[in-house]
Amino acid sequence: MSLLSASAEAAPKGRLQLSGLPRLARRHPLVFIGGGLLALLIILALAAPLYASDPLNLYPFKRLQPLSAEMWLGSDNLGRDVFARTAFGARISLLVGLTSAASTVLTGLLVGIIAGYNRRFDSIAMRIMDGLMSIPTILLALALVSLTGAGIGILIVAITITHTPGTARLVRSVVLGVRERPYVEAALCGGARLPKVLWRHILPSTIPALMIQSANLCASAIMTEAGLSFLGVGVPPEIPSWGNMISSSRLYLPIAPWSVFAPGICLAVTVLAVNLLGDGLRDLFDPRATRRR
Amino acid sequence: MALYVLRRLVSTIAVMAMVGIFIFLLLRLAPGDPAAIIAGDTATPEMIANIREKLGLNEPLPVQFAHWAHSILSGNLGISIFTGRPVLELISQRLEPTISLAILTMILSVTIGVTFGILAAWRAGGLVDRTLTALATLGFSVPVFVVGFFLIYFFAIRTRWLPVQGYQPIDHGFGPWLVQLILPTMTLALVYVALIARMTRASMLEVLSEDYMRTAAAKGVSSYSMLFHHALKNAGVPILTVIGLSFAYLISGVVITETVFNIPGVGRLVVDAINNRDYPVIQGVLILASGMYVLINLAVDLAYTLIDPRIRY
Amino acid sequence: MTISRRDIIKLSVTTGAALSIPSVLRAQSTTPAARTVRMVKGNVRIFDPILTTSADTYDHALAIYDTLFGVDANFVPRPQMVGKWGVSDDQKTYTFELRDGLRFHDGSPVTAADCVASIRRWGNADSGGKVIMARARDISKKDDKTFSIVLEEPLGLLIDILAAPGGLFPAIMREKDADRPATEQVTANIGSGPLKFNEALAKPGASFTYDRNEQYVPRKERPDGFAGGKIVNIDRVIWDNIADQQTALAALQAGEIDFLRDPPFDLLPIIENDPNLALQVLNRAGDTIFLRMNCLQKPFNNVKARQAMLHLIDQEAILQAAAGSANYTRTVHSLFGVGTPYTNDENTGWFKKGGDPEKARQLFKEAGYAGEKVVMLDSTEYAVAHNANQIVAAELRKIGVNAELATTTWSELVTRRAKKEPVENGGWSIFVSSWSGANLGDPLGTPFFAANGDKAWYGWPKDDEYEAVRAKWVDTETLDERKALAREMQRRWWDFVGAIMLGNVVPPIAHRKTLTGLIGVPKAVVPMWNMRKG
Amino acid sequence: MQMQKLAGNDVLLDVRDLETHFYGEESVTRALGGISFQVRSGETLGVVGESGCGKSVTALSILRLLPKLTARTVGGEIRFHGRDLLKLSPREMRQIRGNRIAMIFQEPMTSLNPVYTVGHQIAEAVQIHTKASRSDAMAKAREMLRLVRIADPERRVNNYPHEMSGGMRQRAMIAMALACSPELLIADEPTTALDVTIQAQILRLIVDLKEHTGTAVMFITHDLGVVAETCQRVIVMYAGRIAEQASVTDLFARPAHPYTQGLMRSVPDRRHGRQRRLPEIPGIVPSLREPIVGCSFAPRCPFAIGICREKTPTLRDIGPGHAAACFRAEEVMGG
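Protein chains in written order, with the UniProt record's numbering: chain A, 1 to 293; chain B, 1 to 313; chain C, 1 to 534; chain D, 1 to 335.
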């Protein structure tokens, strides 16, 4: 009884204090941790010029140096500052990850919504999507990158093309599910124009699925970038990205582990953050999945 | 059922046609002249022109496409520009290692992934769940080639338990074949274990909260039977879907894994072909990979009926 | 075996197990591991040596084909397939007689007709060979073992050209193969060399297998470079293509392979510390890294800008980045590389330790450089050139040159460097590559040395005075004559700067200590004869 | 708690001071606030109350089927044949479930596993608790289907749940629950989700089978009319506690708790075949997350006086076999 009354007394007080971030942290710790980490990484990436030296500087006579006061995370095989490259690498990796996710979601949303509403477009678009979906991502990305040479832009395009079908299908299925709902029919019967209905009623219902999807896409894009760098067709090698840092320093792992671990750990933390955010968002939007907890 | 399969096969043909056009255009528009590469450092422009002529690279695109489509349809994937051997022969030479790797990886990741997913869902929020979620996240965030290196370092260089690289055909014996594939399979499976475990967990969580699970518990069904019979079969459809869809990802992983472990498979073949601008080989592999993907997903769709009696075609 | 091969094949055919035939063949031809050497050294993409100068193709051809002559370690030509040869008093008719016992892998004897066809095919493609073809009035067989080359004018270099390791490999093929045009790939892979190509086990891109040619009759002399007796002491060589360097090194450490051609420089200490492994320099002339500029487009159409590059380069920094260890690198001052007969010190005043960026900045200014984009083609596949590129780009940026690295694969680089257009239209300004000592010691066979503008090698430098000097090379008679000519060429070259040397790398090879008897040649290839295992 | 025991009837299930809590992210819900009651062999006990009053939680607590991570029974005893179920190992508990105590649920549409045939699911219960072979178990399944009056049991036994109607599924559920001849059947609103005509058939079936097998039944419902037709004794629950406990005749003749009275007023007139949801009592059920001071029904009670808002009334005897948790029970009963 005493336990009960104690907790019962504490509850209202606690609730008053629960507002904003702490509340999010308690109710949805995954969203809080994932989102917080990601925000921190973005800030660190943007602020890189403020605290890190030029990542392109080469010191050929200071190759593969261990950690020191001068170069906090040592140097790589061309004598470049691993700390600076890791800091600036965050920009590329996050740029690739976030931009790919954003452009994939936008393309997928466009194709998915139109396909969900227009039968004729649907059958054509979905065949094309099936086709694109059946080509293994890395192979298509390889082929695309070989079209114009390696570069950040082409990498994003490659990832977008290969990941759009999944997103488009997802949006389409949501739209197909929603458009038969009474409120949508009511809005249409009430004389609302289709674009407005799409914007007001259908778009919002795709958001939960898309939030989760973009978290997955972001992680997948960062990993694809690393994989393409390994195969030698990623971001140009002098530009630091975690993927190409890992793949170019991988060879020196036995003698200069820092040059692999620094970007490797950052990559893992980022993917972790994005995945946590994705899991958290799924729980947030689809509480059924965690109801039994 | 038969009608459904027939309809699906027809739409498969449409999909494959799309893939064909797409792949053909993509690669023909790419820069990098195979003739110049063949000719080498000392080649004169006339030599390069001669080689282009021989390879039919001078013809207009539609003509090249027509030739190509015609020969594909007659079962001829063409001749490799570089090795001068039939593409089909090159691919079939490389098929065994890749299929071995893919099948072993799938077996391993489905067994482990489904088990892990079930355990995590069973004690959702518990220690097992958290540990497995962390492992799954790790599986997603460490590049395959880094995982591969660590496995080589510990299991091959340090302990000498397993070979570093290479492949033994299965007709040299099951033992050597398996031994050669253990490390690559572990490397490649990590991501799929994570993927399948996550999907299984989510799907199981949904099923475990269903009323019929309570009914089963009220009957006195054991936890094991609850999870592995009552829940798993219901959770099977989404898990199966993930397995089918992840085939395309699997091929992507195979490309990198084959490079790391020096397995003479289709993945290596296509990477080399892309570097060499060996169009017929690239096209052959892509067509084959997409075809397999489509067929596997057809098989998955049909397998649904075995799992869920409510699905009928 | 109590069952004959025929029985097995019959059995498998009757049971419909057609797939098992290859495995039966494999089982029959399996050789004990101790007599099999596994080597990792690049990847053969093209099998016909007349189509490409690629070192890997050269390596392959070296194993399965034999040549009329071969140079020794000192670049002196020695007869190989030729038993006796002579030249007429007017120096215009050369007669060659093949030595006894030469047979192709298909069992047929090597005849004079095969040689004539092979020389013609090679002569139409190789730049040295073209000199012979231009002067030859007649190349014909006398009898089965004898043939002659009749010239319009004397050609003192004829034997040197026939033996030259710098150009295309002068393989002697069967007449029916050699009758193909030089642009059409020969796929038969049948030569008369000390090893046979095992077609059944060939897995392009993965591994190739070479078996000892039991019928090969080696020369009696001791092996020396490309010359001397080619004695094969093992049964089989498996040439594995392991694309990933890390995996290749791990495989060497684990004893899965016996030989690794290009161990990464930074990992050499690991090999030195491994009691089972050894490092060895086989190609003492090493590889000379050079930088080629596009002399047709801005800014390097101006000689001052090219001179600026000459002064800018800090070879030690580049070598440090490219190869790390000072044990295996040397600076290069001569147009003819390091350790070739023609290496000299003429007009090398430009060389300065640490480079001279100030002078370079000044020269760029004099050249009227106004911030034009300098596009450097950078292939990540070729690590040494890739690292050098990054240093050069950084040095250029430091003196205010707008350098941009264009990352490509090697195959794209090869395509793109042929473009003469400005960089805006897909052209280029700089690319980096390397030549082996064999090439730099062969100014006739190596296209790098030409400076005849449009017709020259990529970069298209043009200097008439230099060309006039170079034209005399063909008619030199003695080595001293050629050495003097080399100095003259070099004096001009460093003034108009047709290309720039970035340094010389002497890459050691790594092998298991159980593999012995490796012989060195002045080229990035490793002969498969003479070595022993066990 | 003083409970008058009726002589001659064995106590099958004896629940004492049962407390069950639900744990939310920021709160604890006292779903059961210490309830005590008994079920005797062969009797039918009705449990009535509004949604959320703790009827189903009681049932799930008895069988220990509460969701593991969010709910826990924190106090009390559940004695079945004298053994406290709360102290049994999971294995021992499984031997009780479905075998000696069986349960049927509210939602026939979702309570059967869609991927197994109905026969399989019935036979499974048989196989778990007896050493019957697969074919014997299937024979038993057919027999049970016949017993619950499903037409053509030979065919239906191989049907999947989606191939059956709601009423048929509930019959199958009953067949499954009774397959091992349990001593106690807990029926949690077995008819709520069904059509009116089917409801009556299912009720009839349960009553008949009870007579046929002698199983005790704990009948959970919100419908006093159902109670009147099927039960001998009734427990009325409100906000996680027992408000009143009596024989059916006593309860309908002299309801002693204002809440019971309120319920009765809102009973639909079954003779007109009309069906309405309970209740029509003004006010709302209090939140069980907050501590409740005084009688939990006080805010809605027309009889409430000062003491009702300060002290929590306990269940006290007000007649033979009749108890109520109300300070003014006698006045309520009289008025």
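Beta carbons are placed, not taken as given, at the ideal position from N, Cα and C, and that holds for glycine.
Handout entry: Delimiting residues of the alpha helix (DSSP H) encompassing A/Arg120
Key = 119-133
Exercise for the section: Out of A/Asn118, A/Pro165, A/Pro257, state which residue places its alpha-carbon closest to the alpha-carbon of A/Leu176. Expected result: A/Asn118
Practice task
At 9 angstroms on the CB atoms, spell out the chain C contacts of A/Glu180, in chain order.
Solution key: Neighbours of A/Glu180 on chain C: none; closest Cβ ~51 angstroms, over 9 angstroms.
Practice task
Flag this pair as yes or no: are the beta carbons of C/Ile50 and C/Arg121 separated by less than 7 angstroms?
Solution key: yes
Handout entry: Three-state secondary structure assigned by DSSP to C/His105
Key = coil
Problem - In chain order, each beta strand (DSSP E) run of at least 3 residues that lies wholly inside the stretch 286-340 of chain C - result: 287-293
Exercise for the section: Use the C-beta contact count for D/Tyr116: other C-beta atoms within 10 angstroms, 16 or more gives buried, fewer gives exposed. Expected result: buried
Exercise for the section: Compare the beta carbon distance of C/Gly42 and C/Ala163 with 7 angstroms and say whether it is the shorter of the two. Expected result: no
Practice task
Starting from the C-beta of C/Lys359, find all residues in its chain whose C-beta is less than 6 angstroms away, skip the five residues before and the five after it, and write them out in chain order.
Solution key: His311
Practice task
Taking A/Pro136 as the query, report the chain B residues whose CB atoms sit under 7 angstroms from its CB, ordered along the chain.
Solution key: Ala248, Ile251, Ser252, Ala289
Problem - Cα-Cα separation between C/Thr93 and C/Ile149, rounded to whole angstroms - result: 6 angstroms
Practice task
Over the uninterrupted alpha helix (DSSP H) stretch that includes B/Tyr279, give me the two end residues.
Solution key: 279-307
Exercise for the section: Go ahead and pull the three-state DSSP assignment for C/Thr30. Expected result: Since pLDDT at C/Thr30 reaches only 45, below the 50 mark, its modelled position is unreliable, and the value read off the structure follows with that caveat. It is coil, neither helix nor strand.
Exercise for the section: Give, in chain order, every unbroken run of the alpha helix (DSSP H) that is at least 4 residues long and sits entirely within the stretch 67-143 of chain B. Expected result: 87-122, 127-141
Handout entry: Same chain, Cβ closer than 7 angstroms to C/Gly143, five either side skipped, listed in chain order
Key = The sequence shown places Asp at residue 143 of chain C, not Gly. Hits under 7 angstroms: Ala112.
Practice task
Verify whether the separation of the beta carbon atoms of A/Met129 and A/Ala102 is less than 7 angstroms.
Solution key: no
Problem - Beta carbon proximity, D/Ile284 to chain B, threshold 7 angstroms - result: no
Handout entry: Interface flag, C/Val285 vs chain B, CB-CB below 7 angstroms
Key = This sequence places Ala at residue 285 of chain C; Val is not what is there. No, C/Ala285 does not count as interfacial toward chain B.
Exercise for the section: Report yes or no: do three or more beta-carbon pairs, one from the stretch 83-101 of chain A and one from the stretch 153-162 of chain A, lie closer than 8 angstroms? Expected result: yes
Problem - Against chain C: residues of the stretch 67-79 of chain B by CB proximity under 8 angstroms - result: none
Exercise for the section: For B/Phe154, decide whether its Cβ has a neighbour in chain A, counting only Cβ atoms nearer than 7 angstroms. Expected result: no
Practice task
Could you say if the stretch 243-254 of chain B and the stretch 80-88 of chain B meet the contact criterion of at least three C-beta pairs nearer than 8 angstroms?
Solution key: no
Handout entry: Contact belief for C/Asn439 with C/Gly166 at Cβ below 8 angstroms, rounded distance in angstroms
Key = 4 angstroms
Exercise for the section: State yes or no: is the beta carbon of B/Gly117 nearer than 7 angstroms to at least one beta carbon in chain D? Expected result: no
Practice task
Grab me the residues of C/Lys304's own chain with a C-beta within less than 7 angstroms of its C-beta, minus the 5 sequence neighbours each way, in chain order.
Solution key: Leu363, Glu366, Ala367
Handout entry: Cβ pair C/Met489, C/Val469 closer than 7 angstroms
Key = yes
Exercise for the section: Using a threshold of 7 angstroms, state whether the C-beta atoms of C/Tyr58 and C/Gly193 are closer than that. Expected result: no
Handout entry: Which of helix, strand or coil DSSP assigns to C/Lys84
Key = strand
Practice task
Give a yes or no on whether 7 angstroms exceeds the smallest Cβ distance from A/Glu225 to chain C.
Solution key: no
Practice task
Spell out a yes or no on whether the stretch 330-349 of chain C and the stretch 507-517 of chain C are touching, meaning 3 or more CB-CB pairs, one atom from each, closer than 8 angstroms.
Solution key: no
Exercise for the section: Using a Cβ cut-off of 7 angstroms (strictly closer), state whether B/Gly84 contacts chain C. Expected result: yes
Practice task
Give the C-beta separation of C/Ile190 and C/Arg174 to the nearest angstrom, bearing in mind that I take them to be a contact with Cβ-Cβ under 8 angstroms.
Solution key: 6 angstroms
Handout entry: Rounded separation between D/Arg309 and D/Ser287 - CA only
Key = 16 angstroms
Exercise for the section: Determine the DSSP secondary structure at C/Asn347, reduced to helix, strand or coil. Expected result: coil
Exercise for the section: Compute the Euclidean distance between the alpha carbons of A/Glu238 and C/Asn74, then round it to the nearest angstrom. Expected result: 41 angstroms
Problem - Closest Cα partner of B/Ile21 within the set A/Phe121, A/Leu277, A/Gly131 - result: A/Gly131
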